[in-house]
Amino acid sequence: MKMNYILFLLAPIALFANAGESDGASDIIPRTINFLIFAAIMYYYVADAAKQWYCGRKNDIATKLDSIQVKLKESNSKKENALLKVEEAKANARALVETAKKEAILLSDKVAQEADTEIANLSKAFEDRIGVERRKMQRTIVCEVLDEMFKEGSISLDNDEMVKIVNKKVA
């Protein structure tokens, strides 16, 4: 359609072109007409191929741009996922640290309580041992004193008095 329009516009130039000799003027008009015809023919043959090449190139660039944008979106989403995982890992680490602190406190309290219990048991055992040793010492001393007294004969006790003393001790 455009080609017909261009040829229609160029037809008057071709019809009114002067092929004869003129007053010694230049041949600029016929050369211009020939150039315009040549340009029209070249446009007729090359325009479609040039348009197709241009559209193809534009589509290739658009396709590459789209693929790059898709990759960019994927990498951004992966980055966001990685950042979320990092934040989640940080939160888990904080929770683990808190749990570890609480467990450490509980364990230290438990160890302290067990140590206090052990100290109380050892203290009680020590007191019991002291009581046993005192009674043992008292018995030894009493036995020594009684043996001394009986050997020297300074105290004379008969059986009735001894039975009374033993009964008092037992009761």
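Residue numbers (mature numbering (1 follows the signal peptide of the UniProt record, and there is no 0)): -19 to -1, 1 to 152.
Where is the CB? At the ideal position from N, CA and C, for every residue including glycine.
Our two residues, E61 and L53, have alpha carbons roughly 12 Å apart in a direct line. A direct Cα-to-Cα measurement between N140 and V113 gives close to 30 Å. In the three-state scheme derived from DSSP, where H, G and I count as helix and E and B as strand, S104 is classed as helix.
Annotation: I42 to V51 spans about 14 Å, alpha carbon to alpha carbon. Taking A81 as the centre and dropping the five residues before and after it, the same chain places no C-beta closer than 6 Å to its C-beta. Here the alpha carbon of E129 sits roughly 20 Å from the alpha carbon of V144. The criterion of a C-beta distance shorter than 8 Å is satisfied by I(-14) and A21.
A distance below 8 Å separates the beta carbons of I(-7) and I14.
When secondary structure is reduced to three states using DSSP, S7 falls in the coil class, being assigned neither helix nor strand.
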